[in-house]
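Under our numbering, think of the first position of the sequence shown as 1166, with each following residue one higher.
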Amino acid sequence: MVTAVVGANWGDEGKGKITDMLAQQADIVIRYQGGANAGHTIKNEYGKFALHTLPSGAFSKGVVNVIGNGVALNVRQVLKEIREITEKGVPAPNLLISDRAQIVMSYHVLFDSLEEARLAGKSFGSTRSGIAPFFSDKFAKTGIQVSELADMDALREKVEGLLVQKNLLLTQLYHQPELKTEDIMQELAEYKELLAPYVCDTSAYLWQALKEGKNILLEGQLGTMKDPDHGIYPMVTSSSPLAGYGAVGAGIPPYEIRRIIAVTKAYSSAVGAGEFVSEIFGAEADELRDRGGDGGEYGATTGRPRRVGFYDVVASRYGCRLQGATEVAFTVLDVLGYLDEIPVCTGYEIDGKVTEEFPTTTLLKKAKPVWTVLPGWKCDITGIRSYEELPENCRKYVEFIEEKLGFPITMVSNGPGREDIIYR
1166 MVTAVVGANW GDEGKGKITD MLAQQADIVI RYQGGANAGH TIKNEYGKFA
1216 LHTLPSGAFS KGVVNVIGNG VALNVRQVLK EIREITEKGV PAPNLLISDR
1266 AQIVMSYHVL FDSLEEARLA GKSFGSTRSG IAPFFSDKFA KTGIQVSELA
1316 DMDALREKVE GLLVQKNLLL TQLYHQPELK TEDIMQELAE YKELLAPYVC
1366 DTSAYLWQAL KEGKNILLEG QLGTMKDPDH GIYPMVTSSS PLAGYGAVGA
1416 GIPPYEIRRI IAVTKAYSSA VGAGEFVSEI FGAEADELRD RGGDGGEYGA
1466 TTGRPRRVGF YDVVASRYGC RLQGATEVAF TVLDVLGYLD EIPVCTGYEI
1516 DGKVTEEFPT TTLLKKAKPV WTVLPGWKCD ITGIRSYEEL PENCRKYVEF
1566 IEEKLGFPIT MVSNGPGRED IIYR
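Now the structure itself:
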């Protein structure tokens, strides 16, 4: 059976914790899209970690961790993460990397930084991890697939060809020195050596695992609002974070994905630019940000403050629908215990009319939140393991959100640890 753990919102919903928790019963955990541009924060018996490419099953004994063909593979970042977790006492993870994955090159990171600097105030809020230039190359068919490392002579010819265009951009648009073929080939030779222990035909491996009835987890990065087709375009990421893409990015049949857990926070947060209707500001936002998550709402990759707001039903219902959620995991509920009243965005007012449907970005720019205010519970709920033991107003909050979403909330997270979970 294949279970997908995906984000219903802008990312940063707590997917890492849910994947880490479910990995305890999994045989295989697969990262199927994205790259090192967003992190999954995980807290368990080994400590607190921020993973960016390594699958969140890395902490679970006996789990095979797979980096699928849909991932933007930053080789040095993956190996750095392995080194960081093993230095803290985590056993070396069993890792497989798809021979069809493509490599994030140093020049992708360079072009990402140069373009963001050129755009200045009109930039996309990129993490400068090379993601947009990487996917531009992938779909322009000038990317470098892991399998191509097997023939370095052919690869040299390819590199010489692609550098013609890249050096023209570097010198004429960005006024930077040219890239040299020898430097790129040296980089690729290093990657060939580093990747050798991990590379295989992961799709064939997964096909056999499915035939053997293995329990497989798909781990998505970011969330629905960052999908290039269905999100807040153009302030989106460059690969699809939807569960439906899991079949493509992992190389498995779509009919095998039977369970889809959409993760959504008990309030809203987002890193980077783009429309965010329920966003709050000033001292109210500062307090929620500082209380939020485990140590506050700051990006796991960049450390920059996340934008925060109260729960957005309109965006979350849309997010769950696009993900095809069979159930919902509701995270960081404990954070809201300080509030006397909790606003929930239940509609958008656009040009004087209220809608409960999530619109395209053009209309989203005009949207104003319509609030429904619920009473708070004014106490600490960490440590509670039974739903019935939660304060009445806390349960009413969960049930109000569930009714408005139209998808069952089966898990409620009330703390950062693996054990801080209430099953409904």
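Every residue gets a Cβ at the ideal spot worked out from N, C-alpha and C, and that includes glycine.
- Looking from the CA of residue 1221, the closest CA among 1236, 1186, 1253 belongs to 1186.
- For the pair residue 1555 and residue 1394, the Cα-to-Cα distance works out to about 39 Å.
- Between residue 1388 and residue 1432, the C-beta gap is not smaller than 8 Å, which leaves the two residues out of contact.
- DSSP places residue 1276 inside the alpha helix (DSSP H), whose first and last residues are 1271 to 1284.
- A distance below 8 Å separates the beta carbons of residue 1469 and residue 1436.
- Beta-bridge partners assigned by DSSP to residue 1474: 1433, 1444.
- Look at the beta carbons and you see the region 1288 to 1307 not touching the region 1359 to 1366: under three pairs across the two are nearer than 8 Å.
- Between the C-alpha atoms of residue 1491 and residue 1408 there is a straight-line separation of about 11 Å.
- Distances from the CA of residue 1497 to each of 1282, 1548, 1401, 1526 were compared; the closest alpha carbon is that of 1548.
- About 7 Å separates the beta carbon of residue 1218 from that of residue 1232, a gap short enough to meet the 8 Å contact definition.
- Contiguous beta strand (DSSP E) elements confined to the region 1168 to 1241 occur at 1193 to 1196, 1205 to 1209, 1212 to 1216, 1229 to 1232, taking only those with 3 or more residues.
- With contacts defined by Cβ atoms closer than 8 Å, residue 1413 and residue 1235 form a contacting pair.
- When secondary structure is reduced to three states using DSSP, residue 1547 falls in the coil class, being assigned neither helix nor strand.
- The beta carbon of residue 1172 is closer than 7 Å to those of 1178, 1180, 1385, 1387, 1388, 1389, 1406, 1428 in its chain, skipping five residues each way along the sequence.
- The continuous beta strand (DSSP E) containing residue 1588 extends over residues 1586 to 1588.
- The count of Cβ pairs closer than 8 Å, one atom from the region 1245 to 1257 and one from the region 1311 to 1327, stays below three, leaving the stretches out of contact.
- Under the DSSP assignment, residue 1513 falls in the beta strand (DSSP E) whose first and last residues are 1506 to 1515.
- Of 1485, 1182, 1478, 1451, the smallest CA-CA separation from residue 1471 is found for 1451.
- Within the region 1341 to 1371, the complete alpha helix (DSSP H) segments at least 4 residues long are 1346 to 1360, listed from N- to C-terminus.
- Here the alpha carbon of residue 1521 sits roughly 7 Å from the alpha carbon of residue 1511.
- At a Cβ-Cβ threshold of 8 Å, residue 1500 and residue 1356 do not count as neighbours.
- Rounded to the nearest whole angstrom, the CA to CA distance from residue 1440 to residue 1391 is 11 Å.
- Between residue 1572 and residue 1485, the beta carbon gap of about 5 Å places them in contact (Cβ cut-off 8 Å).
- Residue 1371 and residue 1191 have their C-alpha atoms roughly 13 Å apart.
- Under the three-state reduction of DSSP, residue 1518 is assigned to strand.
- Counting every other CB atom within 10 Å of its CB across the protein chains shown gives residue 1342 a total below 16, marking it as exposed.
- For residue 1575, the three-state secondary structure derived from DSSP is strand.
- In terms of Cα proximity to residue 1576, the closest of 1493, 1538, 1519, 1582 is 1493.
- The Cβ atoms of residue 1353 and residue 1169 do not sit closer than 8 Å to each other.
- Out of 1543, 1182, 1337, the CA that lies nearest to the CA of residue 1584 is found in 1182.
- The DSSP-derived three-state label of residue 1534 is strand.
- A Cβ-Cβ distance of about 18 Å is found for the pair residue 1237 and residue 1247, leaving them out of contact under the 8 Å criterion.
- Distance between residue 1195 and residue 1174, taken at the CA atoms: about 21 Å.
- If you draw a 10 Å sphere on the C-beta of residue 1523, you find 16 or more other C-beta atoms in it, and that means buried.
- Residue pairing by DSSP places residue 1582 opposite 1208 in a beta bridge.
- Following the DSSP letters along the chain, one finds residue 1334 in no beta strand (DSSP E) but inside the alpha helix (DSSP H) bounded by residues 1317 to 1337.
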